[in-house]
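In the numbering used here, the protein residues as written are 659 to 1504.
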């Protein structure tokens, strides 16, 4: 909970204060190199020829006052730098600082103002005050405090599991794309810049808040403040205002400066008071000073040159030196030219965090909108529960949910009020109050209810509810390869009849999205509601994707080959982690030639398929081939094609997220006893050339999507089941969620550690909190992923106590059933049932 709140604060302050910090960063980097930039722009104006010694202050002041007709207030002179010197004159009443001129320190000749000097005045005003005065100072001060929060909260949010692994902290994966790459930029560069930003903040606050300045002074200074100016000031010793006109003995002052500094004097800054009786202050720098702000300070009488106080930088404690060097620390000159460059680069990177932070924020907003759009298919008619048609759905993969919304749309198009609900959310009162209902339900496995509908079946099916007033219809989805085809839908229909419900028409059973059965449902629904059915529902069309890459993941394995396939879409498409694809496979040419051998056909004969002209060989590539061909002998080419039914699509879990730039699959070759490849796996891993086209369509699998809340996740799988888990992990990592535990099983570590480097990298970076790899053949007795889960029973309970969700992907026989059995042993039947019904135990098994 604390981490979630911290994350919310981090992004909220980031999108609000980030722009101000970006402006401060860019302007600060520019201002830190003001002298170098101005010198490059004005080589003939701001540079002077070195020739002997500069004029003493007395002569400089006399010539400047004669030329300008004003009294000098400040002289800043560098003795041997080759740069112009600067003079400020006494300000007019009400002004903080008087006019300024640049001059040649060897001749006192006034130089014109350099190109860009006014610009840097604006830059400094933006950096400190956002060019809006005292109010801007409050904003920049607050944002500087927020910068400290960003550094500390960002450090906590990305804290890796292996703290001492520098790669987890500092390496950037340039191969990532989209949100993942933005997150890497934000977090890794943030770590690189962390110390620089803390230094900026701690030193910058000295100018923002007096309480900070005074606190740091009390902490570090040799002479803590007493409420009076620490050096110099605008008052005399008794706190009285200036008395009389200012008298300055420049020669005596110069003599005091020379005696105090000695032959190592490099520059001086003489600041005169605005009246008699007040001390003058001289800041001077020695040639061997450790940095350009290691000033020594003289406090003296301007009329006599008598020194009141001398404060040498070298004599200070480290704390007091740091106070004196605050500006040098802020711009990096304390660490020399490399320090200035490093801090300037860090400053210039400040907009990067604002931009990537906004991109991450907008991506989250976009995904939330997509979720809302996916759930908002209907308008609110304002009808009560009794008059509205209830459409209840129970979906394992998302297809039943899709059909429920389409059915509701057909009803609403006929002018009927509709409300759509999950069966899991329905109560007995809902059923008793409704007069008309549609139930669109799938069956999971061999006759089981979908995970989300188990609670509904246990709680209500068998209860003696009075439903004599209920008119209903059932659309049942299933797979005829299972003995209990549409078993859950049939049990639901039987219970509704038993309780007195009246079936509008016989349940429509759909085998593997059979379009004819779906069309029958539409037609009967239209007749029952007294309206014309909408146009026939069309399944999403297959599109041509390009196989861009095929990587063999397990060379040397005792098992079948496993490949990582990358597919490029025809245009930009989106899918969610956990979704599936349906691929239309084709047979290899060698298999087709073997079928034609002896049939008297060459394969070049023209045939018609759905109105398109193809060669016989092309047409047979998409047809189911019989094991025995005696009944095909004597058929001509078109009759042969018409005899064979089309191949069914093969379904695969997606192993990537859209931000990866490609759709990835993890596919194991299936090899039959006769040596032939399985149709789908053979097509994708053996026959389909890289760069060729494959017919594919996306399929939503809402039952395996990430939970809405950022809860911890335990992901369990084996073999190519890693695909679905990998997409979920990538999405979690993109969201910055690190509470991830993966348990994955295969044969041998040496050859079957699928995507092993990637998984280890996530573990090292702290993006996986725990990784358990189980290799069944690496020891005398076989160990499987369910065995490792049993061993970690205490940790599983602890994670679940913190709200974790379990996601299971892989083979139904063996692994999935074994994991299910272990969870029942560890948690009990009721606890497992509750996890399933609340969506905290989700399965995508095959």
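For glycine and all other residues, C-beta sits at the position ideal for the given N, C-alpha and C.
Burial state of residue i, where buried means 16 or more other Cβ atoms lie within 10 Å
i: residue 1501; result: buried
i: residue 678; result: buried
i: residue 666; result: exposed
i: residue 944; result: buried
i: residue 792; result: exposed
i: residue 897; result: Caution is warranted here: a pLDDT of 47 is assigned to residue 897, below 50, making its placement in the model unreliable, and no coordinate value can be reported.
i: residue 895; result: Confidence is the limiting factor: at residue 895 the pLDDT is only 42, short of 50, which leaves the residue's position unreliable and the question unanswerable from this model.
i: residue 715; result: buried
i: residue 1102; result: buried
i: residue 884; result: Note that residue 884 has pLDDT 47, beneath the 50 cutoff, so the model's placement of it is unreliable and the number below is only indicative. Looking at its Cβ environment, which holds fewer than 16 other Cβ atoms inside 10 Å, residue 884 is exposed.
i: residue 1002; result: buried
i: residue 1233; result: buried
i: residue 1284; result: exposed
i: residue 814; result: exposed
i: residue 1231; result: exposed
Neighbourhood of residue i by C-beta, 6 Å cutoff - its chain only, sequence neighbours within 5 removed
i: residue 1336; result: 1328
i: residue 1343; result: 1221, 1325, 1327
i: residue 1133; result: 1098, 1166, 1179
i: residue 1381; result: 1311, 1313, 1324
i: residue 1050; result: 1079, 1081, 1084, 1097
i: residue 671; result: 804
i: residue 1362; result: 1236, 1500, 1502
i: residue 1014; result: 840, 843, 844
Beta-carbon contacts of residue i that lie in its chain and below 8 Å, excluding the five residues immediately before and after
i: residue 986; result: 949, 950, 951, 952, 992
i: residue 977; result: 877, 878, 879, 880
i: residue 906; result: 719, 930, 938, 960, 961
i: residue 1123; result: 1086, 1089, 1090, 1157
i: residue 1446; result: 1401, 1403, 1430, 1432
i: residue 725; result: 766, 768
Whether residue i touches residue j by CB criterion (8 Å)
i: residue 1228; j: residue 1203; result: yes
i: residue 846; j: residue 828; result: yes
i: residue 773; j: residue 700; result: yes
i: residue 1347; j: residue 1463; result: no
i: residue 1058; j: residue 1135; result: yes
i: residue 683; j: residue 1008; result: yes
i: residue 1503; j: residue 1470; result: yes
i: residue 1358; j: residue 1237; result: yes
i: residue 1455; j: residue 1412; result: no
i: residue 925; j: residue 767; result: no
i: residue 1128; j: residue 1153; result: no
i: residue 817; j: residue 1424; result: yes
i: residue 756; j: residue 731; result: yes
i: residue 1379; j: residue 1292; result: no
i: residue 1053; j: residue 1360; result: yes
Where residue i sits in the DSSP three-state scheme
i: residue 1172; result: coil
i: residue 1353; result: strand
i: residue 795; result: helix
i: residue 955; result: strand
i: residue 1062; result: helix
i: residue 1110; result: helix
i: residue 1007; result: coil
i: residue 817; result: coil
i: residue 773; result: coil
i: residue 768; result: strand
i: residue 788; result: coil
i: residue 1399; result: strand
i: residue 693; result: helix
i: residue 941; result: strand
i: residue 1466; result: strand
Cβ neighbours of residue i in the same chain (closer than 7 Å, five flanking residues each side left out)
i: residue 742; result: 704, 706, 760, 761, 762, 769
Below-8 Å beta-carbon distance, residue i vs any chain C residue
i: residue 855; result: Absent from the structure is chain C; it holds one protein chain and no more.
Determine, using beta-carbon pairs with one atom in the region 1154–1172 and one in the region 1065–1079, whether at least three such pairs fall under 8 Å. no
contact_flag[the region 1374–1388, the region 1077–1094] where n(CB pairs < 8 Å) is 3 or more: no
On the three-pair Cβ rule with 8 Å, is the region 1413–1424 touching the region 1433–1450? no
Spell out a yes or no on whether the region 1370–1377 and the region 1485–1495 are touching, meaning 3 or more CB-CB pairs, one atom from each, closer than 8 Å. no
Flag this pair as touching only if the region 1421–1431 and the region 1393–1404 have three or more C-beta atom pairs under 8 Å; answer yes or no. yes
Between the region 1246–1266 and the region 1291–1300, do three or more beta carbon pairs fall short of 8 Å? yes
How do the region 839–853 and the region 962–975 stand: do at least 3 beta-carbon pairs fall below 8 Å, yes or no? As far as the Cβ criterion goes, the region 839–853 does not touch the region 962–975, which means the pair count is below three.
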